[in-house]
Amino acid sequence: MAQKTVVDMLALGKRIDDRGVQDFREMKLEIGLIERACGSALINLGKTKVMVGVKVEEGEPFPDTPDEGVLTVNAELVPLASPTFEPGPPNENAIELARVVDRGIRESKSIDLKELCIQPKKKVFVVFIDVYVLDHDGNLIDASSIASLAALLSAKMNEYDVEDGEVVYKPGLRKLPIQNHPVAVTLAKIGKSLVVDPSLDEEQVMSARLTVVSDKEGRICAMQKGGAEPLSIEEVKQGVAIALSKASEIRSRITEAAKT
Amino acid sequence: MYVEKKQLVAPGEILAEGKYLSGENTHREGQIVYSSRVGVVEIVGDRLGVIPLKGRYIPHVGDIVVGRIVDIGMSGWIVDIEAPYPALLPASETFGHRGPRGRMDLSRMFDVGDLVVSEVLAFDRTRDPLISAKGPGLGKITGGRMIELSPTKVPRLIGRKGSMISLIKKGTGANIIVGQNGIILVSGRSRDSENAAIHAIRMIEREAHTHGLTDRIQVMLRTMMRGE
Amino acid sequence: MNPQEEPVELIDKNGLRIDGRRLDEYRPIKMKVGVLDKADGSAHIEQGKNRILAAVYGPREAHPKHIALPHRAVLRCRYHMAPFSTPERKSPAPSRREQELSKVIREALEPAVLSEYYPRTTIDLFIEVLQSDGGTRCAGITGASLALADAGIPMRGLVAATAVGKIAGKIALDLSDAEDKQGEADMPVAIMPKSNVVTLIQMDGTLTHEEFERGFDIAVRTCHTIHEQQKAVLKERYLAIKEEVEEKSETTRGEEE
Chain Y
26 MAQKTVVDML ALGKRIDDRG VQDFREMKLE IGLIERACGS ALINLGKTKV
76 MVGVKVEEGE PFPDTPDEGV LTVNAELVPL ASPTFEPGPP NENAIELARV
126 VDRGIRESKS IDLKELCIQP KKKVFVVFID VYVLDHDGNL IDASSIASLA
176 ALLSAKMNEY DVEDGEVVYK PGLRKLPIQN HPVAVTLAKI GKSLVVDPSL
226 DEEQVMSARL TVVSDKEGRI CAMQKGGAEP LSIEEVKQGV AIALSKASEI
276 RSRITEAAKT
Chain U
11 MYVEKKQLVA PGEILAEGKY LSGENTHREG QIVYSSRVGV VEIVGDRLGV
61 IPLKGRYIPH VGDIVVGRIV DIGMSGWIVD IEAPYPALLP ASETFGHRGP
111 RGRMDLSRMF DVGDLVVSEV LAFDRTRDPL ISAKGPGLGK ITGGRMIELS
161 PTKVPRLIGR KGSMISLIKK GTGANIIVGQ NGIILVSGRS RDSENAAIHA
211 IRMIEREAHT HGLTDRIQVM LRTMMRGE
Chain B
143 MNPQEEPVEL IDKNGLRIDG RRLDEYRPIK MKVGVLDKAD GSAHIEQGKN
193 RILAAVYGPR EAHPKHIALP HRAVLRCRYH MAPFSTPERK SPAPSRREQE
243 LSKVIREALE PAVLSEYYPR TTIDLFIEVL QSDGGTRCAG ITGASLALAD
293 AGIPMRGLVA ATAVGKIAGK IALDLSDAED KQGEADMPVA IMPKSNVVTL
343 IQMDGTLTHE EFERGFDIAV RTCHTIHEQQ KAVLKERYLA IKEEVEEKSE
393 TTRGEEE
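Those sequence lines, one after another, are chains Y, U and B.
Its first residue numbered 26, the first sequence is counted upward by one per residue in this note's numbering.
Its first residue numbered 11, the second sequence is counted upward by one per residue in this note's numbering.
Its first residue numbered 143, the third sequence is counted upward by one per residue in this note's numbering.
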């Protein structure tokens, strides 16, 4: 789509898919499709499709946090998701995606990592969040962040007791200790406008993007500006304000979907 | 106008506001002309420019350049002219070339590693520069000492209407070939004459942005060449 | 070498931080340009314990050729930490953090470079952290900006960067590594003061909306101050030569008369 068309329409307050500048695309969340994972969620955000799988395994803590579980987030931009994705190790875009999603979850203390300690310094539970992008039609960050939260909220691990520093599994399932609900909202700057949840067409003509992750108290827990063009001071402040207000809308949809 | 002639400026500094023209190494945003590089201000009428103190050579048609042969192709040579673009010297742009020749003949003419003085025939944003060694004073270089100078200082070395370079040539008796790309060749009757010329070139490189340079060069040349 | 430190008091009863700074003070920066011989442009930054080298090669021929763009130069950036730069030795292989920072630093400087001057070339920027103590990406951006200008690459303006954070519940400027580890938030910001625009902003931790706005304003103001120092550093060696020779000219002329 020609840049001129997108920019011209925005000057009239319209987006090419008829959305309002602050509207997210239609979102559908399917929970628990992958039985082998502790938790999983497939999000359809417009035509963007991202699958997130959560797996919990026993492992060792990091030396500087001996009594805390470990969180690790990885993202794969698999080649089938876009003509522009090539096979190979994660490139800078996949790494940025994973790290922004990670920061949102980690900084909001979304997972109570202390609860996941089995024996300090020796054994803890490791939570693996694997983001798998299946169809790239824009705004992979928000899609991945939303699906990750949904997967975490609905994840179930085997019920267990800790005896003598060892895990003893017993029948039943328990949820992960989730105590906060971070939500990412990304805005794209196109021409002079800021639009929420950019589609791929919009991403291809945007000059810059700003992602703001906020928690259930409305506090900001992560931010990331991207793109080769700058944002004005006002645009940054405006973007933060819009993101904070949109986040609560999205948050309730995620918690609803995860309940099912 | 917020600056004066020969003032030292950095990128992004405001030069002037209003009806001024944006010259070399400046850019205009709205009503304001800004410097784009570290350099000294040059004012010609309403036009503000910045003479940069450092930078890579960008070819211009008509420039005389000194380059080194780096590769021999089917019908010519690839020449390193110290620009971000390799130059092409076609066999047809040399003297003594008649009809199709093989690679062996080309290497007999100019071999990899040879220095060549040539003229830039063509260059635009879509292709690499085309150079020619056909013409008076052009061709293979066989002797002399090679000096590398920042190409941004070459205009100062040449001087207005060639005044500075003439001064040095007359003052030392040395033969100096100045490549616009910052490669200079000095060959003199004596070691002293060469040394004096090279000293002058280095002084200009260091002091190009200062006042009174011509006088200081004159004094220096007189001192160094006193024995001659 | 400190394998594991006990938590220290980040702000003492006099309102001073571990290194004696007040909350609104940034670590003084020592800047030097033209420090490397082979690079087209270079700069060295010293800020607190940070020691960072930035170097630019370019514009130069694109290798491999296919990455070249027809209308402008391609800016490439590599941010890398030396194995001996951190308290515990760091593997020389680029980590995910270094890869992400290479990307965001490149994006922080791209708006400043007038890349249309040099189509079909690359401008390669290398940032090596020789010693790190928090805020390396900001010091790296400040230094890289100097290196680009030192190389004579045409720029819209310089970019200056600093980070604000929150320690012991209070907004503080330019967190050191210890403060970042024990603090509640860290927000690096890069500004191009010429047009007062933001080229980098990241944040991790927890900030209320109000804390964010307050911290952001402090960061912007600080970047403007750092920018003044950058401009002065770029000019200082030329000014020194000017002073030296123009003074000598005066005395010589005086003698000859």
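We put the CB at the ideal spot given by N, CA and C, even for glycine.
Checklist entry - In chain B, what lies closer than 7 Å to E121(Y) by C-beta? => result The contacting residues are E242 and K245.
Checklist entry - With which residues is G307(B) paired in a DSSP beta bridge? => result A314(B) and D328(B), per the DSSP bridge assignment.
Checklist entry - Straight-line CA distance for E281(Y) to R40(Y)? => result The alpha-carbon atoms of E281(Y) and R40(Y) are separated by roughly 28 Å.
Checklist entry - Quick one, are the C-beta atoms of I283(B) and A250(B) less than 8 Å apart? => result Yes.
Item to check | Residue interval of the beta strand (DSSP E) (run including C142(Y)) | outcome: Under the DSSP assignment, C142(Y) falls in the beta strand (DSSP E) whose first and last residues are C142 to Q144.
Checklist entry - Taking Cβ-Cβ distances shorter than 7 Å, what residues in chain B pair up with R244(Y)? => result The answer, in chain order, is T348, L349 and T350.
Checklist entry - Helix, strand or coil for V220(Y) per DSSP? => result In the structure shown, V220(Y) sits in a strand (DSSP, three-state: E or B).
Item to check | Under 8 Å between C-beta atoms of L131(U) and I141(U) | outcome: Pairing L131(U) with I141(U) gives a Cβ-Cβ distance under 8 Å.
Checklist entry - By the criterion of Cβ-Cβ separation under 9 Å, what are the contact partners of R298(B) in chain U? => result What R298(B) touches in chain U: P21, G22, H37, E39, Y44 and S46.
Checklist entry - Does any C-beta atom of chain Y lie closer than 8 Å to the C-beta of R363(B)? => result Chain Y contact via Cβ: absent.
Next on the checklist: Could you tell me the alpha carbon to alpha carbon distance between R44(Y) and M248(Y), rounded to whole angstroms?
Outcome noted: Their backbone Cα atoms lie some 24 Å apart in a straight line.
Item to check | Ranges of the alpha helix (DSSP H) found wholly within the stretch 108–181 of chain U, counting only runs of at least 4 | outcome: Segments of the alpha helix (DSSP H) lying fully in the stretch 108–181 of chain U: 113–119 and 164–168.
Checklist entry - Within 8 Å (strictly less), CB to CB, does S169(Y) reach chain B? => result Contacts with chain B at 8 Å (Cβ-Cβ) do not include S169(Y).
Next on the checklist: Let me see if you follow: with CB-CB separation under 8 Å, is E274(Y) close to chain B or not?
Outcome noted: Contact with chain B is absent for E274(Y), since none of that chain's Cβ atoms lies less than 8 Å from the residue's Cβ.
Next on the checklist: Does the structure place the stretch 241–259 of chain Y close enough to the stretch 339–346 of chain B that three or more beta carbon pairs sit under 8 Å?
Outcome noted: The way I'd put it, the stretch 339–346 of chain B does touch the stretch 241–259 of chain Y; three or more beta-carbon pairs between them come closer than 8 Å.
Checklist entry - Got a sec: is the Cβ-Cβ distance from E109(B) to anything in chain U below 8 Å? => result Residue numbering for chain B in the displayed model covers 143 to 399; residue 109(B) lies beyond these limits and cannot be assessed.
Next on the checklist: Would you call the stretch 213–226 of chain U in contact with the stretch 272–291 of chain B, where contact means no fewer than 3 C-beta pairs closer than 8 Å?
Outcome noted: As far as the Cβ criterion goes, the stretch 213–226 of chain U does not touch the stretch 272–291 of chain B, which means the pair count is below three.
Next on the checklist: Tell me which residues share the same chain as I267(Y) and place their Cβ nearer than 8 Å to its Cβ, disregarding the 5 neighbours each side in the sequence.
Outcome noted: So the qualifying residues of the chain are Q47, V210, L212, L219 and V221.
Next on the checklist: Let me check one thing: in DSSP terms, what residues is K53(Y) bridge-paired to?
Outcome noted: According to DSSP, K53(Y) bridges with N69(Y).
Next on the checklist: Can you pull the chain U neighbours of I383(B), defined as C-beta to C-beta under 8 Å?
Outcome noted: Neighbours of I383(B) on chain U, chain order: R216, E217, H219 and T220.
Checklist entry - For the putative contact between D240(Y) and N205(Y), defined by C-beta atoms under 8 Å, what is the C-beta separation to the nearest angstrom? => result So it is a contact: roughly 5 Å between Cβ atoms.
Item to check | Other residues of its chain near A254(B): CB distance less than 8 Å, five sequence neighbours each side excluded | outcome: Contacts found: S287, L290, M297, R298, G299, L300, V301, M334 and T341.
Item to check | Helix, strand or coil at Y157(Y) [DSSP, three-state] | outcome: Y157(Y) carries a strand assignment under DSSP once its states are collapsed to helix, strand and coil.
Item to check | Residue environment, F226(B), which counts as buried when at least 16 other CB atoms sit within 10 Å | outcome: F226(B) comes out exposed.
Checklist entry - What are the residues of the stretch 165–188 of chain B that lie near chain U, defined by any Cβ-Cβ distance shorter than 8 Å? => result The stretch 165–188 of chain B vs chain U, Cβ under 8 Å: D182 and G183.
Next on the checklist: For E259(Y), count the other beta carbons within 10 Å of its own beta carbon; 16 or more makes it buried, fewer makes it exposed. Which is it?
Outcome noted: Of the other Cβ atoms in all chains shown, fewer than 16 fall within 10 Å of the Cβ of E259(Y); this residue is therefore exposed.
Item to check | Simplified DSSP assignment, three categories, for N205(Y) | outcome: Three-state result, N205(Y): coil.
Checklist entry - By DSSP, does E252(B) sit in helix, in strand, or in coil? => result The answer is helix: DSSP assigns E252(B) an H, G or I state.
Checklist entry - So, is S233(B) buried or exposed, given that buried needs 16 or more other C-beta atoms within 10 angstroms? => result Burial call: exposed.
Checklist entry - So the beta strand (DSSP E) Q273(B) belongs to, where does it begin and stop? => result Start and end: T263 to Q273.
Checklist entry - Where do the ends of the alpha helix (DSSP H) carrying H217(U) lie? => result Residue identity differs from the one stated: residue 217(U) is Glu in this sequence, not His. Where E217(U) is concerned, the enclosing alpha helix (DSSP H) stretches over R201 to E217.
Item to check | Endpoints, alpha helix (DSSP H) assigned at N118(Y) | outcome: N118(Y) -> alpha helix (DSSP H) spans E117 to E132.
Next on the checklist: Helix, strand or coil, according to DSSP, for H366(B) in the structure here?
Outcome noted: H366(B) carries a helical assignment under DSSP once its states are collapsed to helix, strand and coil.
Checklist entry - Roughly how many angstroms lie between the CA atoms of E188(B) and A281(B), to the nearest whole one? => result The alpha-carbon atoms of E188(B) and A281(B) are separated by roughly 8 Å.
Checklist entry - Using DSSP with H/G/I as helix, E/B as strand and the rest coil, what is R38(U)? => result Note: R38(U) maps to strand in three-state DSSP.
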